[in-house]
Amino acid sequence: MTYKGWTVAAAALALAACSPKPADVPASDAAALPAAVSAEGDFAANLQTALIEARPGDTVRLPEGTFKLSTGLSLDVDGVTVLGAGQDKTILDFSGQTGAGEGLLVTSDDVTLTGFGIRDTKGDGIKSKGADRIVYRDLTVDWSGEPDEDNGAYGVYPVESRDVLVENVTVRGASDAGIYVGQSHNIIVRNSLAEFNVAGIEIENSSNADVYGNITRDNTGGILVFDLPDLPVIGGHSTRIFNNQIVHNNTRNFAPPGNIVAGVPSGTGVIILANRNVHVFDNDFAENRSAHVLLIAYTEPFTDERYNPLPRDVVVRNNRWSGGGTDPQGMLAPLAEALGGTLPAIVSDGVTRWPGAEAQAANLVIDEAPEIGFVNLGIGAYPIDPPAVSPSMERPQGIPVPEPAAVTLPQDAE
Amino acid sequence: MKQLAYLVSALVLLAACSAQGSVSGGPDTDVLMADAPAPKLADYGFFEDAGADRPVDGVVPYDLINPLFSDHAIKHRFAYVPKGKAAAYSADDVFDFPVGSALIKTFAFVPDMRAPGVREYKVETRLLIRKADGWAAFPYIWNAEGTEATYAPAGGRQAISVVGTSGDALSIDYAIPNKNQCKTCHQNGDAVLPIGPKARNLNHDGPAGVNQVADWQARGMLAGVTGDVPAVPSVLDARLPVSDRARAYLDINCAHCHKASGSASNSGLWLEAGEVSDVKLGIGKHPTAAGRGSGGITFVIAPGDPDQSILTYRMQSSEAGVAMPELGRSVIDEDGAALVRAWIASMDTEAGPDKGAP
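Chains as they are written, first to last, in my numbering: chain H, 18 to 431; chain X, 74 to 431.
Structural data, given as structure tokens:
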């Protein structure tokens, strides 16, 4: 029987058990930062212990340096800040990970994660579940090397939460979505960079999201607003996408098949799928080779009676457009073929029906200069019946849709 | 040698700060109800001996009809309910234990699984204590001599070599969960709850050779037993329909996370014994957040085709990011995977699946 490996950990724990709590420091020093978690001995055990023993209001400080971890970390104490020396100075390296489904899992409320990087996790980078008022700030999550099917799915992954703030976060190489917010309410994703992911930023089965000031470039698809059936929270609505740069999202789709994003055509800027009340304005679109904006229904059979698979009440206005649509990929390639091989800036699948429901109007509002192209592919219903497809370049006459109010978050001091 | 120095200093420090409370005459209530966990398992006074083999009066050994697979670990379970109090019976849910109760589970291995009980050694003991504000989980790690278990909130890893039942050598990278990982599996909404002590899991003859539900009732540990007490089908009982056995396996191995109030709620894949929805069980369901865990496969369960089912793909992997469950195993439960494969293979692709008796 070997016990060498955990001897050091046991020693560290024994020491921790006897040392005074940080709360013992005088009140006048309360604002001073605590010492960084010790890199002596077993850093992973030291850090995990600090995350477990933290009290609400504590800051767990990470030292500068690159640290190898073999299993995922977790935080379950409310009101804790995890603070590194900088997103390129404190790197938690999971390239040798053998356990857990993510690098860091947060399951408590009022947590701030800031100033560190997470690299090469086997599953997701940072996941927070049921973690209200979380802040992801000044973080980098990346997978090194070329985009790869074996990279983890999500970079930052808040789910089933209220009041989510993601800012100044960089995610690179996720085999699903770089920044993914799912089944949540009241969300801001801003001033972040997502590149070389399958989806740059994805808002899924969520309500009231503001996505602005981000750069999404060189992903397969830039920004996705989706709603999927058969999940506990469905009926996504009220998202504003504005002031983003959505550029050259032409990376090949490297998502493992089976996942919904595996169907994203390489070269799409924004995709709105089965979602309601989505406003896309004041963005810079450039060089997305399939289409800049794609408005589509959910294509698979489903049984969820709560679910509406159409995009509806969508507004696209006042964006800046450049290039793109010249080389449509994936499911768009054969459809573009019928239109001469290229697609205009804005593409709607024209689906209005699904089994068991009356036909519905999607209500699309396109308020762009006349030269900005639009096509309704006229698919009507899935699965596609080629003879019934009747494309039209005529812009829809949508009914104006009031814009949702700006999202405000209790933890947002800006 | 540096590590030896650490060990020595650890032992000195531990000796200096461990409680010197009484360890005879029943569990120590003060230690059980203290805010902080005791440094040593022995401090609680659950056992007469240092090796935690002989429980004191009131600490009752029990087992489950179907255990959770934990890398072939042997498990010794004990329940303690304070004298004069009783857990409230439920036909479906975990019994409602009174404040001051404890559930104790020790994980052990034998060098050769063909010789059960021979040179068995303990690795860890997990405690669930029912505090005034709910259950709390505490992991303890045993020393190499098996004489002392020490509180270890950060868990640990241990390389374990065993000879399996087939005679093959098996290397296990055994993970002792940290305190938060305890909660991942024991989460129920915002609360932490035990998983095992439900009527349907206990309702058979336990280690003492008597029916455990009746025994707990006779001891006064359990009150309010009424109606027909349910029992899960035994996973190992080859006389039972494969669908019943497979559903029982998924219930104990997966459903603590894969349920509406569990850690995997957002997946929408819910595997409790009573689940009747095809799509929630994974039949014709697309993966939600599987990433490369999808294995390039479209459906969680493709009726009739275990090779095209993500459920079996993930059960048959031991790689982080793919393997399910995410916690609690580093090697594959080959028997469990074979059972679930057989169930999926038995599903009629045309007429719809036989999901097993709820």
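Note that beta-carbon positions come from the ideal geometry of N, C-alpha and C, so glycine has one too.
Predicted, not measured: the structure shown is a model, and the values here were computed from it.
Any C-beta of chain X under 8 Å from that of residue i
i	result
H:Y66	First, the amino acid is wrong: residue 66 of chain H is Thr here, not Tyr. Taking Cβ atoms only, chain X reaches closer than 8 Å to H:T66, which makes this a yes.
H:V418	no
H:G140	yes
H:T131	no
H:E166	yes
H:D235	no
H:T88	yes
H:D193	yes
H:G347	no
H:A291	no
Under 7 Å by beta carbon: chain X residues contacting residue i
i	result
H:V176	N339
H:T76	Correct list: empty, because the minimum Cβ distance to chain X is about 18 Å.
H:Q377	Simply none; closest approach about 23 Å.
H:E81	Near H:E81 there are no residues of chain X at all, since even the closest Cβ is about 22 Å away, more than 7 Å.
Residue i: contacting residues in chain H (beta-carbon distance under 7 Å)
i	result
X:D246	T115
X:Q254	S91
X:G369	P273, P274 and G275
X:G394	G118, K139, G140 and G169
Listed by chain order, chain X residues near residue i by CB distance under 8 Å
i	result
H:K146	S336 and N339
H:P249	A333, S338, N339 and G341
H:D244	What H:D244 touches in chain X: nothing, since even the nearest Cβ is about 12 Å away.
H:A62	A227 and G229
Close-in-space but distant-in-sequence residues of the same chain around residue i (CB under 6 Å, 5 per side omitted)
i	result
X:Q285	Y135, L275 and G279
H:K144	E119, L122 and Y174
H:R293	H254, R329 and D330
X:S367	P360 and I383
X:S419	V315
H:R337	D301
X:C255	A210
H:T237	V215, T268, N270, V281 and S283
H:I108	T83, G134 and R136
H:D155	Q104, T131, G132 and N185
H:L360	A308, G342, P345 and A353
H:R179	D149, H202 and N203
H:I432	In this structure chain H extends from 18 to 431, so residue 432 of chain H is not present and cannot be described.
Test: residue i CB closer than 8 Å to a CB of chain H
i	result
X:R365	yes
X:E197	no
X:E221	no
X:P189	no
X:E399	yes
X:V352	yes
Proximal residues to residue i (C-beta, below 7 Å), its chain only, five neighbours per side dropped
i	result
H:N222	G199, Q200, D244, L245, L248, V250, I251 and G253
H:I416	N380
Cross-chain neighbours of residue i in chain X, by beta carbon under 9 Å
i	result
H:I69	P226, A227, N251, K252 and N253
H:Y171	A362 and G364
H:A374	Going along chain X, no residue has its Cβ under 9 Å from H:A374, so there is no contact; the nearest lies around 18 Å.
H:G199	N339, T361 and A362
Residues bridged to residue i [DSSP beta-bridge criterion]
i	result
H:W338	H:F302
X:A210	X:L201
X:A222	X:W215
X:Q231	X:Y247
H:Y229	H:R207 and H:F259
H:R293	H:H254 and H:R329
Residue i: contacting residues in chain H (beta-carbon distance under 8 Å)
i	result
X:G347	The contacting residues do not exist; X:G347 stays about 17 Å from chain H at best.
X:K358	D247
X:V305	Near X:V305 there are no residues of chain H at all, since even the closest Cβ is about 25 Å away, more than 8 Å.
Listed by chain order, chain H residues near residue i by CB distance under 9 Å
i	result
X:I268	Going along chain H, no residue has its Cβ under 9 Å from X:I268, so there is no contact; the nearest lies around 17 Å.
X:I383	G275
8 Å Cβ shell around residue i - same chain, five flanking residues per side excluded
i	result
X:T238	M186 and R187
Practice problem: Give, in chain order, every residue of the region 143 to 177 of chain X whose Cβ lies closer than 7 Å to some Cβ of chain H. | Solution: none
Practice problem: Check each residue of the region 293 to 323 of chain H: if its Cβ is closer than 7 Å to any Cβ of chain X, include it; give the result in chain order. | Solution: E317 and T320
Quiz item: Between the region 211 to 223 of chain H and chain X, which residues of the former have a C-beta closer than 7 Å to a C-beta of the latter?
Solution: none
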